[in-house]
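Asks: Here it is: the structure, laid out below.
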Amino acid sequence: MDYSNRDEIDNSGPPENQENEEHDTHNISTASADTVFDEHSNSSNATAVSKRAIDYFDMSNIKETGRVKCSICFQKYKNNPFSDSNLRSNLGFKHGCNNYLYRSQMKQRVNRENKSAIASHLKKELDAAAVRCIVKDDLSFGTFRRPGMKELLEKLRPGYRGPTRQTVRKRLEGLRLTDLGSIFDEWIDNDKDYVTDDEGGEYVSTLGDEDRDDSDSDSDCSDDDNNSLSVQPQQGRRAIDDEEAEEINRLLWDPDELKKRISILLEKIRKLIKMINKSSILTSFVRSEVQSK
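Encoded structure:
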């Protein structure tokens, strides 16, 4: 028997089979992750249907840009000849084509679905309440991101995570009192007590023993702070600056405390003005006495 044409006989067949074989050589997917069974076939005669993620992507500009474009959402993704996980994630997570996902990606999807989600408007409300709590109780900006607090919040409201330090800072910096000037004017109207000095000028008088005591104590603390700043390293100064910034933000959230601080400040200014007035009066008296002689 002549076997000279054996190769030709073996390679002969329908052209479509040859095209399919060439087509399969470019399939970078594995059978275990990329193959599903035709739903219309019975279990004994099930045929494997290849699922190639790249078929859903436009590769016309891949040479110029190195990216492919999803034909569904037109989102562009970097092409990786050794992995198509990002393409499958797009099809599975964004477009619901779960049969394109790897097993590990399917587990990620299940975990996402099982994880409790929280609406954005509710998160904003809870964040605002957390910021108010931080201000009122004088807490650290990162309080609600500590491990114990995160565990408590997960029990109270699954899916909610407290605001970060950056979130708290941005909310406080973005806060604008409706009318800071009106608060100052209101305080002046309620607490001012004008006293006329010998030269006919007016200044704000003492605002109360309690405020005066607070002023004295704050003055002592201020002096101590100034002395300590002169010997502290640069890192310590930065920490103090951050604390002062947080303190200012807290004051903006608490008008009553802000009024109290303004009261203390004006008390110090009143004492300074009184001292200057007395010094001026004494200087004028001495000058007049010298000139008279």
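Residue numbers (UniProt numbering): 1 to 293.
Ideal Cβ placement from N, Cα and C applies to all residues, glycine included.
Tell me whether Ala130 is buried or exposed, calling it buried when 16 or more other Cβ atoms sit within 10 Å of its Cβ.
Replies: Residue 130 sits at position 130 when you count from the first residue of the sequence shown. Ala130 is classed as buried because its beta carbon has at least 16 other beta carbons within 10 Å across all chains shown.
Asks: Suppose the cutoff is 8 Å on Cβ atoms and the five residues either side in sequence are ignored; what does the same chain contact list for Asn86 look like?
Replies: For the purposes of this step, residue 86 is taken as the residue at position 86 of the sequence shown. So the qualifying residues of the chain are Tyr77, Lys78 and Asn80.
Asks: Would you check if the distance between the CB atom of Arg88 and the CB atom of Gln105 is smaller than 8 Å?
Replies: Here residue 88 is taken as the residue at index 88 of the sequence shown, counted from 1. Here residue 105 is taken as the residue at index 105 of the sequence shown, counted from 1. Closer than 8 Å, so yes.
Asks: Thinking C-alpha only, which one of Leu265, Met275, Asn90 and Phe82 is nearest Phe74?
Replies: Taking the sequence shown and counting its residues from 1, the one referred to as residue 74 is at position 74. Of the listed residues, the one whose Cα sits closest to Phe74 is Asn90.
Asks: Are the Cβ atoms of Asn144 and Pro163 separated by less than 8 Å?
Replies: On the sequence shown, position 144 is the one that residue 144 refers to. On the sequence shown, position 163 is the one that residue 163 refers to. Before going further, note that residue 144 is Phe rather than Asn in the sequence given. Yes, the pair counts as a contact, with Cβ atoms nearer than the cut-off.
Asks: Which value, in whole angstroms, describes the spacing of the CA atoms of Ile276 and Glu257?
Replies: The sequence position of residue 276 within the sequence shown is 276, counting from 1. The sequence position of residue 257 within the sequence shown is 257, counting from 1. Ile276 and Glu257: Cα-Cα distance of roughly 29 Å.
Asks: On the three-state DSSP scale, how would you describe Phe93?
Replies: Taking the first residue of the sequence shown as position 1, residue 93 is located at position 93. Looking at Phe93 - three-state DSSP - the assignment turns out to be helix.
Asks: Run through DSSP, which three-state label would Phe144 get?
Replies: Taking the first residue of the sequence shown as 1, we reach residue 144 at position 144. Helix, per DSSP.
Asks: Which of helix, strand or coil does DSSP assign to Tyr160?
Replies: Here residue 160 corresponds to residue number 160 of the sequence shown, with the count starting at 1. Tyr160 falls in the coil class under three-state DSSP.
Asks: If we ignore side chains and look at the alpha-carbon of each, how far apart do Glu267 and Trp253 end up?
Replies: Working through the sequence shown from its first residue, we reach residue 267 at position 267. Working through the sequence shown from its first residue, we reach residue 253 at position 253. In a straight line, the C-alpha of Glu267 is about 23 Å away from that of Trp253.
Asks: For Leu172, collect the residues of the same chain with a Cβ closer than 6 Å to its Cβ; drop the 5 residues on either side in sequence, then sort them by chain order.
Replies: Looking up residue 172 in the sequence shown gives position 172. If we look at Leu172 and ignore the five residues flanking it on each side, its Cβ neighbours are Asn249.
Asks: Just curious, the alpha helix (DSSP H) that Cys133 is in, first and last residue?
Replies: The sequence position of residue 133 within the sequence shown is 133, counting from 1. Ser120 to Lys136 is the extent of the alpha helix (DSSP H) around Cys133.
Asks: When we look at the beta-carbon of Gly96 and count the other beta-carbons within 10 Å, is it buried (16 or more) or exposed?
Replies: Taking the sequence shown and counting its residues from 1, one reaches residue 96 at position 96. By the C-beta density criterion, Gly96 is exposed, having fewer than 16 other C-beta atoms within 10 angstroms.
Asks: Select from Thr65, Glu154 and Lys69 the residue whose C-alpha is nearest the C-alpha of Ala117.
Replies: What you label residue 117 is simply residue 117 of the sequence shown in a count that begins at 1. Checked all of Thr65, Glu154 and Lys69; the closest Cα to Ala117 is Glu154.
Asks: What residues match up with Lys78 in a beta bridge as DSSP calls it?
Replies: Within the sequence shown, residue 78 is the residue found at index 78, counting from 1. Partner(s): Arg67.
Asks: Under 8 Å between the Cβ atoms of residue 296 and Gly142?
Replies: In the structure as shown, the chain starts at 1 and stops at 293, and residue 296 therefore has no counterpart that could be examined.
Asks: Got a sec? Which residues, its chain only, sit under 8 Å from Ser71 by beta carbon, not counting five neighbours each side?
Replies: Position 71 of the sequence shown, counted from the first residue, corresponds to residue 71. Here the set comprises Tyr56, Phe57 and Asp58.
Asks: Exposed or buried, Ile134, counting other C-beta atoms within 10 Å across all chains shown (16 or more means buried)?
Replies: Translated into positions along the sequence shown, residue 134 becomes position 134. Flag for Ile134 reads buried.
Asks: State yes or no: is the C-beta of Gly92 within less than 8 Å of the C-beta of Arg67?
Replies: By 1-based counting over the sequence shown, the position of residue 92 is 92. By 1-based counting over the sequence shown, the position of residue 67 is 67. Against a cut-off of 8 Å, the Cβ pair of Arg67 and Gly92 comes out as no contact.
Asks: How should Glu246 be labelled, buried or exposed, when 16 other C-beta atoms within 10 angstroms of its C-beta is the threshold for buried?
Replies: Along the sequence shown, read from residue 1 onward, the residue named residue 246 stands at position 246. Counting other Cβ atoms within 10 Å of its Cβ, Glu246 reaches 16 or more and is therefore classed as buried.
Asks: Decide if Asp137 is buried, meaning its Cβ has at least 16 other Cβ atoms within 10 Å, or exposed.
Replies: For the purposes of this step, residue 137 is taken as residue 137 along the sequence shown, with counting starting at 1. Exposed: under 16 other Cβ atoms inside 10 Å.
Asks: Thinking just about the alpha-carbon of each residue, which of Lys274, Ile262, Glu151 and Val168 is nearest to the one in Glu125?
Replies: Walking along the sequence shown from the start, residue 125 turns up at place 125. Per the Cα distances, Val168.
Asks: How big is the Cα-Cα spacing for Arg146 and Leu251?
Replies: Taking the sequence shown and counting its residues from 1, one reaches residue 146 at position 146. Taking the sequence shown and counting its residues from 1, one reaches residue 251 at position 251. Those two C-alpha atoms are separated by around 24 Å.
Asks: Would the beta-carbon of Ile62 fall within 8 Å of that of Asp84?
Replies: Here residue 62 refers to the residue found at position 62 when the sequence shown is read from its first residue. Here residue 84 refers to the residue found at position 84 when the sequence shown is read from its first residue. Between Ile62 and Asp84, the CB-CB gap reaches or exceeds 8 Å.
Asks: Who are Asp84's beta bridge partners in DSSP?
Replies: Walking along the sequence shown from the start, residue 84 turns up at place 84. Asp84 is not bridged to any residue.
Asks: Taking only three categories from DSSP, how would you classify residue 301?
Replies: Only positions 1 to 293 of the chain appear in the structure, and residue 301 is not among them; the question remains open.
Asks: Could you pull out every residue in the same chain whose Cβ sits closer than 7 Å to the Cβ of Leu122, ignoring the five residues on either side in sequence?
Replies: Counting from 1 along the sequence shown, the entry for residue 122 is found at position 122. Same-chain partners within the cutoff: there are none.
Asks: DSSP state of Asp256, grouped into three classes?
Replies: Reading the sequence shown from its first residue, position 256 is the one you call residue 256. Residue state, collapsed to three classes: helix.
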